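Using my numbering, the letters of the sequence shown map in sequence onto residues 620 to 897.
By construction, the Cβ of each residue, glycine as well, lies at the ideal position given by its N, Cα and C atoms.
What you are looking at is a predicted structure, and each value in this text was computed from that prediction instead of being measured.
Working notes, structure below.
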Amino acid sequence: MMGLELFQGPVLVTFLVGFITLLFYWYSTRNFDYWKKRNVKYVKPIPLFGTLAEFFIKPFYEVEQKRYLEFGRIYGLFEGNRPCLSVADPQLLRNIFVKDFNFFPMRREMDTGNEIFDKMVSIVTGEDWKRLRTIITPTFSTGKIKRMMSIIKDCAKTLIQNLNTENQKGDPIDVHRFYGAFAMDFSFFFPKLIKWLKISIFDSSVTDFFSEVTLQIIEERKKTGQTRNDFLQLLLDITKEETENPNSELNEQENEDISVYGGVSTEHQVFTNVSKKK
620 MMGLELFQGP VLVTFLVGFI TLLFYWYSTR NFDYWKKRNV KYVKPIPLFG TLAEFFIKPF
680 YEVEQKRYLE FGRIYGLFEG NRPCLSVADP QLLRNIFVKD FNFFPMRREM DTGNEIFDKM
740 VSIVTGEDWK RLRTIITPTF STGKIKRMMS IIKDCAKTLI QNLNTENQKG DPIDVHRFYG
800 AFAMDFSFFF PKLIKWLKIS IFDSSVTDFF SEVTLQIIEE RKKTGQTRND FLQLLLDITK
860 EETENPNSEL NEQENEDISV YGGVSTEHQV FTNVSKKK
């Protein structure tokens with residue numbers, strides 16, 4: 620009887636909590652020797668977060684720059700317990716994205732928990748990605764990009780005016796905030812957890828707003844026949860051209876995903892970096 624009592628009440632709870640904690644620790648650290656075994660320099664990971672924790676307290680570009688200076692052009696890191704390789708060598712990147720692309724056709728699987736974002740060309744994989752890429756590639760021809768220059772110039776003027784206004788105050792300028800408004804960006808971690816728990820990492824009110832506005836614009840242009848020299852119009856034109864092939868046609872939601880989110884995913888980070896005073 621005495622033996623059974625040891626596994627009841629607080630003792631049992633303590634045992635279960637300890638066991639679950641050890642199991643979780645093992646699961647979250649089981650791959651942490653991956654790069655060490657392969658003699659690759661790597662960022663020291665911590666349980667659960669891997670090497671991502673630093674991104675929660677410092678800007679992304681600062682973390683990457685520091686690691687680049689410390690570990691070089693190629694080093695290992697961990698997204699949670701998933702080993703990843705950071706490559707900053709131009710020649711290798713060229714091989715990965717162009718010359719040897721047939722060996723690297725698949726990207727990591729990401730889930731944002733948002734139905735709209737999960738259909739972005741930068742998120743989808745496999746045949747879905749190939750279909751979207753085939754459709755939108757013609758929109759990036761030199762001639763079609765030139766059609767959007769007037770709009771880009773107007774946006775740039777607004778950006779400069781906002782920066783000048785802030786500069787006159789004499790305080791340090793958070794250019795990241797301005798470029799974030801000029802070109803949307805996002806980053807996310809733990810995609811599997813997001814998918815399982817159906818958690819959206821984006822404010823639904825924001826994504827719903829852009830979705831509603833974009834769909835209204837599409838419907839209005841269909842009704843009135845009005846056109847503009849913007850990226851959305853280029854996608855609408857491509858959609859019309861591809862109507863004979865049902866496998867190539869963009870639906871309205873994919874259209875809005877690409878035009879509002881996918882086309883401007885990294886610009887504000889680039890602008891922030893080039894604006895940084897050395």
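- [ ] Provide the residue span of the alpha helix (DSSP H) that contains L778, from first to last.
- [x] Run containing L778: M768 to N786, per the alpha helix (DSSP H) assignment.
Open item on the list: For L751, count the other beta carbons within 10 Å of its own beta carbon; 16 or more makes it buried, fewer makes it exposed. Which is it?
Closed with: Counting every other CB atom within 10 Å of its CB across the protein chains shown gives L751 a total of 16 or more, marking it as buried.
Task: Where L704 sits in the DSSP three-state scheme - done: Note: L704 maps to strand in three-state DSSP.
Open item on the list: Quick check on the DSSP output: what are the complete alpha helix (DSSP H) runs of length 4 or more inside the region 625-666, in order along the chain?
Closed with: Segments of the alpha helix (DSSP H) lying fully in the region 625-666: 628-648 and 653-656.
TODO: Report the residue from K763, K776 and L667 whose alpha carbon sits nearest the alpha carbon of L851.
DONE: Of K763, K776 and L667, the residue nearest in Cα terms is K763.
Task: Whole-angstrom distance between Y694 and F675, CA atom to CA atom - done: If you draw a straight line from the Cα of F675 to the Cα of Y694, it comes to about 20 Å.
Open item on the list: What does the alpha-carbon distance come out to for the pair T640 and F723?
Closed with: Straight-line spacing of the CA atoms in T640 and F723 works out to 37 Å.
Task: DSSP state of R698 mapped onto helix, strand, coil - done: Just to set this straight, residue 698 is Glu in the shown sequence, not Arg. The answer is strand: DSSP assigns E698 an E or B state.
Open item on the list: Is it buried or exposed, W645, if we count other Cβ atoms within 10 angstroms and call 16 or more buried?
Closed with: By the neighbour-count rule (16 or more Cβ atoms within 10 Å), W645 is not buried but exposed.
Task: Spatial neighbours of P664 in its chain, beta-carbon cut-off 6 Å, leaving aside the 5 residues before and after - done: Hits under 6 Å: F651, T670 and F697.
- [ ] With a 10 Å radius around its C-beta and 16 neighbouring C-beta atoms as the bar for buried, classify S830 as buried or exposed.
- [x] Using a 10 angstroms sphere on the CB of S830, the tally of other CB atoms reaches 16 or more, which defines it as buried.
- [ ] Could you tell me the distance, in whole angstroms, from the CA atom of V630 to the CA atom of F643?
- [x] As the crow flies, the alpha-carbon of V630 is around 20 Å from that of F643.
- [ ] Let me know the secondary structure DSSP gives G844 once reduced to three states.
- [x] Coil, per DSSP.
- [ ] Just tell me which of K656, L853, T648 and S824 has its CA closest to the CA of T761.
- [x] Per the Cα distances, L853.
TODO: Assign I933 to one of three DSSP states: helix, strand, or coil.
DONE: Outside the shown range of the chain (620 to 897) lies residue 933, about which nothing can therefore be said.
Open item on the list: Let's test the definition: count the other Cβ atoms within 10 Å of the Cβ of I735 and tell me whether it reaches 16, buried, or not, exposed.
Closed with: By the beta-carbon neighbour count (other beta carbons within 10 angstroms, threshold 16), I735 is buried.
Open item on the list: Just to check my reading of the structure: G699 and F668 have Cβ atoms closer than 8 Å, yes? What is that Cβ distance to the nearest angstrom?
Closed with: Correct: roughly 7 Å between the Cβ atoms.
TODO: Please report how far the alpha carbon of R701 lies from the alpha carbon of R726, in whole angstroms.
DONE: Near 14 Å, if we compare the C-alpha coordinates of R726 and R701.
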